[in-house]
Each structure stands twice: as structure tokens, then as C-alpha cells.
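Visitor: The following block contains the structure, expressed as C-alpha cells.
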């Protein structure tokens, strides 16, 4: 499948087949809300396909304004990151990693010392 081709060589493909690591997909807004409020979803992902529409939400209701603003016109993850305001970056705690051309996993965010993809591509 497409997922397997995308991660081959950079991610353990056996994780794609591990049923314990698959997202739980629900079909109705009621089931989704029930999962959020009463389900045991620690360390799991619950997906409601078409969820914003089924829940009567628009993009502006479901996402902070800075996210679609940064996504609009970004062709790559690096473009997206560069579009983020420094205040947004400092307000969120996250790490972003990538695999370099030599197969070494590196961090793009937060900016590590002494090497970072973010700086190398500028």
C-alpha cells in the first residue's frame, strides 16, 4: 500500500500491520463523542472520517487560526515550519524529527546544536 512505500527504509514497516497500533475508526458523531468522554483511549488514536462535517464544525472552529494560515501555500513541512510565527513555536512543546540523506535521525525542532535541517535549508 501507499503507506508502506512512504515509510519503507525509514520506519519499521511491521508497525503498519500491528493491530494493536491501528487507529480506532468510529462511524458516527455520537460514537466519537462517546469515545472522547467515556472511552479508554490512552495511547490510542480515535478517528471519525469526515468528522468536522459530522460534528457540524468548520475548519475555523476546529483549528487554531495560525495552523491553516501556516499550511496555506506551504509545499513542504519545512515551508510550513518557516511560516509559523516565533510566538506560536514558543507556545507549543513539540519535537520534529527527520531522517537525513545518510539514514541518521535528526531533530528539526526544537533547533538542536550544532546541526539542524531547518538551518541547513535556509
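Numbering (this note's numbering), first residue to last: 708 to 829.
Note that CB positions come from ideal geometry on N, CA and C, so glycine has one too.
As the structure is a computational prediction, the values presented were derived from the model and not from experiment.
Would DSSP call residue 717 helix, strand or coil?
Guide: In the structure shown, residue 717 sits in coil (DSSP, three-state: anything other than H, G, I, E or B).
Visitor: Do you know offhand how far residue 757's Cα is from residue 769's?
Guide: So the alpha carbons of these two residues sit roughly 12 Å apart.
Visitor: Using the C-alpha atoms, what's the distance from residue 776 back to residue 804?
Guide: Approximately 22 Å, taken between the alpha carbons.
Visitor: I believe residue 761 touches residue 745 by the beta-carbon criterion, under 8 Å. Please report the beta-carbon distance rounded to the nearest angstrom.
Guide: Incorrect: roughly 19 Å between the Cβ atoms, too far for contact.
Visitor: By Cβ distance, which residues of its chain are closer than 7 Å to residue 828, with the 5 residues on each side in sequence left out?
Guide: Here the model assigns residue 828 a pLDDT of 49, short of 50, so the residue's position is not dependable and the matter cannot be decided.
Visitor: Of all the options 752, 767, 809, which has the alpha carbon lying nearest to the alpha carbon of residue 731?
Guide: If we check each option's Cα against that of residue 731, 752 comes out closest.
Visitor: Express the C-alpha separation of residue 773 and residue 793 in angstroms, rounding to a whole number.
Guide: The alpha-carbon atoms of residue 793 and residue 773 are separated by roughly 11 Å.
Visitor: Take residue 748 and list the residues in its own chain whose beta-carbon comes closer than 8 Å to its own, dropping the five residues that flank it on each side.
Guide: If we look at residue 748 and ignore the five residues flanking it on each side, its Cβ neighbours are 731, 742.
Visitor: In the DSSP assignment, find the unbroken beta strand (DSSP E) run with residue 806 in it and report its ends.
Guide: Segment 803–806, the beta strand (DSSP E) holding residue 806.
Visitor: Between which two residues does the alpha helix (DSSP H) carrying residue 791 extend?
Guide: Careful: residue 791 lies outside any alpha helix (DSSP H) and carries neither H nor E.
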